[in-house]
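Heads up, the sequence shown is in my numbering, so the first residue is 1 and it goes up one at a time. Heads up, the beta-carbon is just placed ideally off N, CA and C, and yes, glycines get one too. Values in this document were obtained by computation on a predicted structure and should not be read as measured data. Written below as structure tokens is the structure these notes are about.
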Amino acid sequence: MYAPAQNLLANGSFEEENICVEYKHNCAPEAWMANSMWANYYYYTPGKAYEGTHFIGLAAGAVYQGVHNFIRTRLLCGLQPGHQYQLTFYLRSRHDILDSVGVYFSPGDFLYEKRSFKLLEPQLWAVNALDTLEADPNYWQKVRLIYTATGEEGFMTIGSFNRKEYKFRGSPDFNRDYYFYVDEVSLIPLDKQEQLCPQADSVATDIYNENQHHEMLKRQVYARSKNPPPIMPLPKTRNRFIPPRQRIDTLIIPDIFFATASYELSPKSYHLLDSFSNQLSRFRVDSVVIEGHTDSVGKLAYNQRLSLNRATAVQEYIEDKLPPEKIVFTVRGFAFTKPVASNKTPRGRQKNRRVEVYVYRKEQ
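Written out as structure tokens, the structure is:
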């Protein structure tokens, strides 16, 4: 609804329009707010956006004075400390100012920041990912940066953080201001197992309910800059649970380990079953399936009982050797219905007389 896939930013395409409560006008993108209050920063220009029809324009300077516009958004979930996230967005401008575009992560809302932007240090700079700094108003450049989280992030801000004023050439882009443009912003965990927090939708709803702009926002910022609201930590992203891979171990117990035509275990089987039971106690076992099989000599009913009794004998012997932990045993007798060799030869019939033990366990 609000963010595709695992994007931690709502409305990163800027296509969803916010209708401000003051003028009932679509003057801003949902989920994003600019510190400029009154400046024109939300553009609907088909053919000019990187994707869709909307994009953002931010002032990086003006004809007579230093103007810097910033746009911020609240993250949908808190980031996990030490985890890495891929930030991607697109930039263009006809001015040589892209080297100063920075991205600033902060616990609190940038709109209420008391310090000058010149005292802030963005964690990421677009220049580290740009192909060229040449100014081309028609060329969108992809910015792809990797951010390592501290775990305190609540907001992300994009703007021009340069420490000097540029000497712009040509006429301003809008009124007296010189702009750069931003589109298609996403912040995605590099760890594919990391997912949005369960509360992401409710956080997005709160973000989308922020409809104040212009004078109402100006008054709110003025009041809260003097008395900033407490920082409310976001619920962290979560790692998708991956169940341990199940492994199936198989033990084949041949006919020679039983008394002839009987389900009584022969003493020669004890060493094998003792060793097997010892190994079994070392693993996380889900279940054990024991299946008995015979050759085709004799009637089906007789072989059915014999195969089931042999499987049961193996189960009882193994269970007696295991610690008193509960392992689910399933015992089956198939008589001669599942041969592994031809019943027409003595060698084939010998192979068919067997007990198969399947151990379903979780890998550590």
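Spatial neighbours of residue i in its chain, beta-carbon cut-off 6 Å, leaving aside the 5 residues before and after
i      : result
Gln304 : Gly333, Ala335
Tyr85  : Tyr147, Leu187, Pro189
Asn11  : Pro29, Glu30, Ala31
Met216 : Glu22
Pro254 : Arg354
Gly57  : Tyr41, Tyr43, Tyr179, Tyr181
Enclosing alpha helix (DSSP H) for residue i [first to last residue]
i      : result
Glu316 : 300 to 321
Ile207 : 200 to 208
His271 : 270 to 280
Cut-off 8 Å between Cβ atoms - residues of its own chain near residue i, not counting five sequence neighbours on either side
i    : result
Met1 : Only weak support exists for where Met1 lies, its pLDDT of 42 falling under 50; the value from the coordinates is given anyway. Correct list, in chain order: Asp201, Ala204.
Unbroken beta strand (DSSP E) run spanning residue i, endpoints
i      : result
Pro137 : 136 to 148
Gly333 : 328 to 333
Gly348 : Segment 346 to 352 is the alpha helix (DSSP H) holding Gly348; no beta strand (DSSP E) there.
His25  : That residue, His25, is in no beta strand (DSSP E); it is neither H nor E in DSSP.
Met156 : 155 to 160
Val101 : 101 to 106
Cβ neighbours of residue i in the same chain (closer than 7 Å, five flanking residues each side left out)
i      : result
His271 : none
Pro411 : For the chain, the structure presents residues 1 to 364; residue 411 sits outside this window and is missing.
Pro46  : Thr53
Alpha-carbon spacing of residue i relative to residue j, whole angstroms
i      : j      : result
Glu15  : Leu119 : 32 Å
Asn278 : Ser269 : 14 Å
Arg310 : Leu265 : 8 Å
Lys192 : His83  : 11 Å
Ile71  : Glu210 : 14 Å
Cys20  : Asp206 : 15 Å
Ser342 : Gly292 : 17 Å
Gln246 : Arg361 : 6 Å
Ile97  : Phe180 : 8 Å
Leu251 : Lys299 : 27 Å
Lys338 : Leu308 : 14 Å
Asp99  : Asp136 : 14 Å
Phe89  : Phe117 : 21 Å
Val297 : Val340 : 15 Å
Arg169 : Ala60  : 13 Å
Ala3   : Phe276 : Only weak support exists for where Ala3 lies, its pLDDT of 46 falling under 50; the value from the coordinates is given anyway. Each residue's alpha carbon lies about 52 Å from the other.
Beta-carbon proximity check, residue i vs residue j, cutoff 8 Å
i      : j      : result
Gln195 : Arg238 : yes
Lys318 : Leu273 : It should be noted that the sequence gives Ile, not Lys, for residue 318. Their beta carbons are under 8 Å apart, which means Ile318 touches Leu273 by this criterion.
Thr330 : Ser287 : yes
Ala28  : His213 : yes
Leu91  : Gly151 : no
Asp183 : Tyr50  : yes
Cys77  : Leu8   : yes
Asn69  : Ala126 : no
Val359 : Val314 : no
Val355 : Ile248 : no
Cys197 : Pro228 : no
CB contact check: residue i to chain D, cutoff 8 Å
i      : result
Val221 : In the displayed structure, chain D is absent; only one protein chain is listed.
**Q.** Given 8 Å, three or more beta-carbon pairs between the segment 151 to 163 and the segment 108 to 118
**A.** yes
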